[in-house]
Amino acid sequence: MSFLIASQILLWTGLLVLGVVCMALARQIGVLHQRIAPAGALSLPQPLKLGDPTPEMELPGLDGSLVKIGGARGARSQLLLFLSPDCAICETLLPALRSAEGAERSWLDVVLASDGDAAKHEAFVRDKGLGKFPYVLSEHLGRSYGVSKLPYAVLIDEAGKLSSTGLVNTREHLESLFVAKETGISSIQQFLSQRGPRRASSGE
Amino acid sequence: MMSAASTAGVMALLAAQLAAFLALILLASGLHKLIRRARSQAVVREFAGVPRVLAPFTVLAVAVTELLAGLMLLMPAYRAVGGVLAALIWAAYLGLILRAIAQGKRDVDCGCTIGIAQRPLGAFQVTRNGVLVVMAALVSGSALVSVGTTADGPAISSQILAALALAALYGALEQVMALTQPRGGVLL
Numbered sequence: 050m051s052f053l054i055a056s057q058i059l060l061w062t063g064l065l066v067l068g069v070v071c072m073a074l075a076r077q078i079g080v081l082h083q084r085i086a087p088a089g090a091l092s093l094p095q096p097l098k099l100g101d102p103t104p105e106m107e108l109p110g111l112d113g114s115l116v117k118i119g120g121a122r123g124a125r126s127q128l129l130l131f132l133s134p135d136c137a138i139c140e141t142l143l144p145a146l147r148s149a150e151g152a153e154r155s156w157l158d159v160v161l162a163s164d165g166d167a168a169k170h171e172a173f174v175r176d177k178g179l180g181k182f183p184y185v186l187s188e189h190l191g192r193s194y195g196v197s198k199l200p201y202a203v204l205i206d207e208a209g210k211l212s213s214t215g216l217v218n219t220r221e222h223l224e225s226l227f228v229a230k231e232t233g234i235s236s237i238q239q240f241l242s243q244r245g246p247r248r249a250s251s252g253e
Numbered sequence: 038m039m040s041a042a043s044t045a046g047v048m049a050l051l052a053a054q055l056a057a058f059l060a061l062i063l064l065a066s067g068l069h070k071l072i073r074r075a076r077s078q079a080v081v082r083e084f085a086g087v088p089r090v091l092a093p094f095t096v097l098a099v100a101v102t103e104l105l106a107g108l109m110l111l112m113p114a115y116r117a118v119g120g121v122l123a124a125l126i127w128a129a130y131l132g133l134i135l136r137a138i139a140q141g142k143r144d145v146d147c148g149c150t151i152g153i154a155q156r157p158l159g160a161f162q163v164t165r166n167g168v169l170v171v172m173a174a175l176v177s178g179s180a181l182v183s184v185g186t187t188a189d190g191p192a193i194s195s196q197i198l199a200a201l202a203l204a205a206l207y208g209a210l211e212q213v214m215a216l217t218q219p220r221g222g223v224l225l
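Quick mapping for you: the protein sequence lines, in order, are chains R and G. Using our numbering, read the first sequence as starting at 50 and increasing by one per residue. Using our numbering, read the second sequence as starting at 38 and increasing by one per residue.
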């Protein structure tokens, strides 16, 4: 038994060190998470303000079906993602878009939007496996939301009002639109200004 | 190959180490309730539904019960009773957690953590309390059929180290679960 207990003491000591290291690491991640400011999508000047009703449109999709954009949609929101086959960053965003569509499908419909030559976009959809997303081509749609840079996303809430918009280069930018809708905080500047006094008072 | 007597001795040693860990959790929890009375009283009012006038007595009773169960788990002669008491305490918490979830009150502070970290009640809290109930029952059952362990210095050292190591892992798990989960799950 003495050998057994000696080996147990050694193993428990090792496990204790491991546990303390894990706890410190997890604590550090939590602290870093609190200190790092969230990444937010950059909002560009646009004709519509946040909270404004969005124009209701019915546009033909690449597959020939009509896609309703904007307006009241019952219990579901709508994400318009403006992209282009020539936009390299748009391609890097596609995995995050698929992931977000899967995670948020209970309340969100995703529509891809662009303009230009239909054949080029059809090849893009085939090449990137985007067949499950409605895909519309409309210059008018882009102008309605003041899209000047890509990839650009517009989130329309259940009531058909503009919830959040921005230039989305990363997954964090894309998710920031959903967080903005959930929290009612429309911009990163507003978030930081609200957090500032709280952090100061808590001594962080 | 170990003999039956050796196997029973090892099992008794492991049960004693587990008992030391459970005792540490209960002692820390009981002391925390006595030190942080304001939070504990808010928890018994909002989470357990105890009337405001009874909240201070309830907190005191629960804290004393936890301390008693912890101390009994540390004493081999009372370990079986201490294990039963601990299992009942955690089973009661488990019932309250399941009730809160069923009532849709997932954001209520259950007082399940030593720190102030809060998160929606869910599978983690249910599983954790279920595991604690099972562990306490195992310790109690083992104490009833135990052949007894030696109480020499090395054996006691191994129990202390085991309790601290398991408590560190328990604390690490608490910290990890307190982190904000990424949208869509951690693997996406």
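By construction, the Cβ of each residue, glycine as well, lies at the ideal position given by its N, Cα and C atoms.
Just so you know, the alpha carbons of Gly-148 (chain G) and Lys-70 (chain G) end up roughly 9 Å apart. Short of 6 Å from the beta carbon of Thr-103 (chain R), and not among the five residues preceding or following it, lie these beta carbons of its own chain, in chain order: Gly-119, Ile-205, Gly-209, Leu-211.
Under DSSP, Ala-139 (chain G) forms no beta bridge with any residue. Val-168 (chain G) counts as exposed, since fewer than 16 other beta carbons sit within 10 angstroms of its beta carbon.
Minimum Cα-Cα distance from Ile-62 (chain G) among the listed residues G:Leu-198, G:Ala-204, G:Val-182 corresponds to G:Ala-204.
Using a Cβ-Cβ cut-off of 8 Å, Gln-212 (chain G) counts as an interface residue toward chain R, since at least one Cβ of chain R sits closer than that to its own. The contact set of Leu-198 (chain G) on chain R, defined by CB atoms closer than 7 Å, consists of Ile-58, Trp-61, Thr-62, Leu-65 in chain order. A distance of 8 Å or more separates the beta carbons of Ala-106 (chain G) and Ile-138 (chain G). Assignment of beta-bridge partners to Gln-127 (chain R) by DSSP yields R:Asp-158, R:Ile-205. Comparing alpha-carbon positions, the option among R:Leu-65, R:Arg-122, R:Gly-165, R:Asp-176 lying closest to Val-159 (chain R) turns out to be R:Arg-122. With a 10 Å radius around the Cβ and a threshold of 16 neighbouring Cβ atoms, Pro-157 (chain G) comes out exposed. Looking from the CA of Leu-201 (chain G), the closest CA among G:Gly-46, G:Ala-56, G:Leu-181, G:Ala-49 belongs to G:Ala-56. Contact check for Ser-177 (chain G) against Ala-49 (chain G) fails: the beta carbons are separated by 8 Å or more. For Ser-148 (chain R), the enclosing alpha helix (DSSP H) stretches over residues 137-152. Gly-79 (chain R) and Met-106 (chain R) have their C-alpha atoms some 44 Å from each other. Restricting attention to R:Leu-223, R:Tyr-184, R:Gly-215, the CA atom closest to the CA of Pro-94 (chain R) is found in R:Gly-215. Judged by beta-carbon spacing, Ala-114 (chain G) lies beyond the 8 Å limit of Leu-181 (chain G), meaning their Cβ atoms are not closer than that value. For Ile-234 (chain R), the nearest beta carbon of chain G is not closer than 8 Å to its own beta carbon. Annotation: the continuous alpha helix (DSSP H) that includes Tyr-207 (chain G) extends over 190-215. From the beta-carbon of Val-176 (chain G), no residue of chain R is found nearer than 8 Å; the closest lies around 17 Å away.
In this structure, DSSP gives Met-112 (chain G) a state outside helix and strand, which the three-state scheme calls coil. Proximity of the stretch 169-177 of chain R to the stretch 146-160 of chain R falls short of the contact definition, fewer than three beta-carbon pairs being nearer than 8 Å. Counting along the chain, the unbroken alpha helix (DSSP H) around Lys-169 (chain R) starts and ends at 167-177. Cβ neighbours of Lys-230 (chain R) within its own chain (closer than 8 Å, five residues either side excluded): Ser-126, Leu-204, Asp-206, Ser-212, Ser-213. Residues Ala-92, Pro-93, Val-96 of the same chain have their beta carbon placed closer than 7 Å to that of Gln-78 (chain G), with the five preceding and five following residues left out of the count.
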